[in-house]
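Each remark here refers to the structure printed beneath this line.
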Amino acid sequence: MNHARSVSTFLVVLASITGCVGDMPPPPGLEVTSPERGLMQESGRVVVKGTTQPNADGDPVARVTVNKVPAMLAPDGSFTAIVDVPAGATLLETVATTQDGGSATDARAVQSGKRHQVGTPIERAVTAALSADAFAKLSSAAGPLIRNVNLASQLAPVTLGDGIANVRLSLTRLAFGDVTISMTPIAGGLAFSTQLDQLDVAASAAYGGTLVPDGTTTIGITAERITITGTLLVTPAGTSGFTTTISSPVVQTIGLRLNASGLVGQILQVVNNNLASTVQKLTTRAAERGLEPLMNTALGALAGPQRIDVLGKTLDLQVSPSAIVFTPAGALVTMSLQAKLAGTESSPGYILTPNGTPAMDGSSDLQLGLADDLINELLAQLHALGLFDIHLPKDFGVFDTIDLELALPPMVSANNDDGTLRIVLGDMIATISNDGSPLARAAINARVDLEILRGANPQQVAIEFGHLELWVNVLRDANTESGGFDISSAAAAGIGIQLDSVSRFLVNVPVPAVAGVTLENLSMHADSGYLVIAGDVD
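As numbered in the working numbering, residues 1 to 538 make up the sequence shown, in order.
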């Protein structure tokens, strides 16, 4: 996707202090002196101050508003407004209007709320819901997965008998033919049953005792069919994901046989007496161990330590499930997350916004909610590394270079009434130069809606930009010439480049997979501070 072209399609230049348009009266003079650009604060209230001057026709300023809040305008043209701003990123739009309708606008960004250091864990960063239908589809995929797990290496040895005669069995092979699994969510867990055909076990038997000489041999155990029923309990286990246990298992065997030609006497009797219970114990443990990676894939999606490439930097993620609740409708999981990019120790942090609880209504097989705090923390880290500062040499005619520097990290909001994921690029300072000499500086602010679609492969998402609002304010200072030309095209080019950087970052947000199969009918919306990705298991 050509992101810059997509941006220009929706470009709306709301303010540009470069002159008047058409028959509109000339704009008045407007200078906002407080707050400074790129303000990050704890308070939810901002005092906006500045001065105004009559326009070129001598018409005085009649009124000043800040985000439509009337300011107190003094006879000398100075003004003050007190504006309440919500937690997150806000663009302060100050508009001065003359008696004959001429207007000038200043836009600047403020991020307000509690600041957190990057790399600290985010509670409830991820919420995932899996429907009852998804568990039915997952059950059909579970059998082949378990068959391919090396279960023998994961099972501890079993000791049978007593001090008089005992044998220690260490599994060397545990294989099945067909494996059929059924999992149905109920209150507290999953109603579980499995049928294992053609069990084939090989074990090393080390035996001894006070009345038995020490020795070793190999034995084999086979069965035509084994069925296990019970309740599968899934428990959070920190960065390891989940552990699974089968509560009150009932095990039945058909055609159970022992091949133990190397065992005689009391040792053979010990094995025969305990054969059925040993097989029941081993197969139950095997089912529990085999289901753990399945549950981690299905419910965790992102669980455990991961390393992801983000714009050429390595991101270390630690995701820890904190709670899981089962009902007949499905399962709901919440996870905390810690994310850190190397070299971001100097970051001033990011604003943590209060989030609600996203609706997980079971309308899709899988719904995954990513807190906007998670995305904002990563954007803050990328900003601290300077990855959003851009030097763009290109022949634009009047000038040949644009340098872009973001005063604040980009910030997204998933807490909008219309369900839109929205990003604010606040106070991006653009320096326009020709032959190395600065011609003009401008502050660019933008607010744009985002939509996330399926990417080129199942592990990616694609970014589509929706409605974009753009404010451009020329900065008057002694380090640049007056310029005297319209820099709107430069602003459009700059914002397109920055949004392309954001899109390349968001492509690295992992798309969940369930039991190794990807999701179809992918959709995205914002809800209560979460980016909710939903899809159906194919």
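The beta-carbon is built from N, C-alpha and C at its ideal position, and this holds for glycine as well.
Span of the beta strand (DSSP E) around residue i
i: alanine 539; result: Only positions 1 to 538 of the chain appear in this structure, which leaves residue 539 out of reach.
i: serine 277; result: Element bounds for serine 277: not the beta strand (DSSP E) but the alpha helix (DSSP H), 265–295.
i: asparagine 259; result: 257–259
i: isoleucine 561; result: With the chain running from 1 to 538 in the structure shown, residue 561 is simply not present.
i: arginine 63; result: 61–66
i: glutamine 154; result: Neither: glutamine 154 is in no beta strand (DSSP E) and is coded neither H nor E.
i: threonine 90; result: 88–98
i: valine 325; result: 313–327
i: serine 347; result: First-last for serine 347: undefined, no H or E at that position.
i: proline 534; result: Note that residue 534 is alanine in the sequence shown here, rather than proline. 530–537 is the extent of the beta strand (DSSP E) around alanine 534.
i: valine 330; result: The question names valine, but residue 330 is glycine in the sequence shown. Per DSSP, glycine 330 belongs to the beta strand (DSSP E) from 330–341.
i: serine 247; result: 242–254
i: glutamate 36; result: Per DSSP, glutamate 36 belongs to no beta strand (DSSP E) and is neither H nor E.
i: threonine 401; result: 401–406
Contact under 9 angstroms by Cβ, residue i with residue j
i: serine 503; j: leucine 387; result: no
i: proline 542; j: asparagine 67; result: Only positions 1 to 538 of the chain appear in this structure, which leaves residue 542 out of reach.
i: valine 251; j: isoleucine 219; result: no
i: threonine 222; j: isoleucine 246; result: no
i: valine 179; j: leucine 190; result: no
i: aspartate 427; j: isoleucine 444; result: yes
i: isoleucine 181; j: threonine 194; result: yes
i: aspartate 361; j: valine 412; result: no
i: leucine 370; j: alanine 339; result: no
i: leucine 145; j: methionine 183; result: no
i: arginine 552; j: leucine 450; result: The chain is shown from 1 up to 538; residue 552 falls before or after that span and cannot be answered.
i: leucine 92; j: alanine 74; result: no
i: serine 528; j: asparagine 355; result: yes
i: valine 474; j: alanine 442; result: yes
i: valine 424; j: alanine 136; result: no
i: alanine 206; j: alanine 331; result: no
i: threonine 94; j: glycine 50; result: yes
i: proline 35; j: glycine 101; result: no
i: threonine 344; j: glutamine 318; result: no
i: proline 321; j: glycine 238; result: yes
i: isoleucine 390; j: glycine 494; result: yes
i: leucine 468; j: glutamine 111; result: no
i: leucine 263; j: isoleucine 226; result: no
i: threonine 253; j: valine 279; result: yes
i: leucine 385; j: glutamine 498; result: no
Span of the alpha helix (DSSP H), counted from its first residue to its last, around residue i
i: serine 140; result: 132–147
i: glutamine 117; result: Per DSSP, glutamine 117 belongs to no alpha helix (DSSP H) and is neither H nor E.
i: alanine 380; result: 372–384
Whole-angstrom distance between residue j and residue i, CA atom to CA atom
i: valine 532; j: arginine 168; result: 51 angstroms
i: serine 78; j: alanine 96; result: 11 angstroms
i: alanine 440; j: valine 126; result: 44 angstroms
i: leucine 368; j: alanine 286; result: 29 angstroms
i: leucine 392; j: alanine 342; result: 26 angstroms
i: leucine 282; j: alanine 152; result: 9 angstroms
i: threonine 217; j: glutamate 224; result: 24 angstroms
i: glycine 290; j: valine 201; result: 16 angstroms
i: glycine 209; j: threonine 297; result: 45 angstroms
i: glycine 535; j: arginine 173; result: 38 angstroms
i: alanine 81; j: glycine 44; result: 14 angstroms
i: histidine 383; j: alanine 414; result: 20 angstroms
i: leucine 256; j: alanine 276; result: 8 angstroms
i: asparagine 272; j: threonine 159; result: 13 angstroms
i: leucine 337; j: alanine 329; result: 26 angstroms
i: histidine 525; j: leucine 171; result: 49 angstroms
i: threonine 334; j: glutamate 123; result: 9 angstroms
i: threonine 52; j: asparagine 521; result: 54 angstroms
i: isoleucine 432; j: leucine 404; result: 9 angstroms
i: aspartate 365; j: valine 149; result: 25 angstroms
i: serine 523; j: valine 234; result: 28 angstroms
i: threonine 243; j: alanine 323; result: 12 angstroms
i: proline 293; j: leucine 39; result: 46 angstroms
i: alanine 301; j: methionine 295; result: Only weak support is given to the placement of alanine 301: the predicted model assigns it a pLDDT of 48, under 50, and the value that follows is read from those uncertain coordinates. If you take the alpha carbons of alanine 301 and methionine 295, they lie about 9 angstroms apart.
i: phenylalanine 465; j: glycine 496; result: 10 angstroms
One or two residues paired with residue i in a DSSP bridge
i: isoleucine 423; result: Val412, Val448
i: proline 28; result: BP columns for proline 28 are empty, so no partner.
i: methionine 360; result: Looking at the DSSP assignment, methionine 360 forms no beta bridge with any residue, so it has no partner.
i: isoleucine 181; result: Thr194
i: leucine 174; result: Val201
i: asparagine 166; result: Gly161, Gly208
i: arginine 45; result: Asp84
i: threonine 105; result: Val95
i: glycine 230; result: Phe192
i: serine 501; result: None; serine 501 has no bridge partner.
Within-9 angstroms CB hit, residue i to chain B
i: glycine 466; result: No chain B appears in the structure shown, which is made up of a single protein chain.
Original post:
Would you say the stretch 349–358 touches the stretch 113–124, given that touching needs at least three Cβ pairs under 8 angstroms?
Top reply: By the criterion of at least three beta-carbon pairs nearer than 8 angstroms, the stretch 349–358 is in contact with the stretch 113–124.
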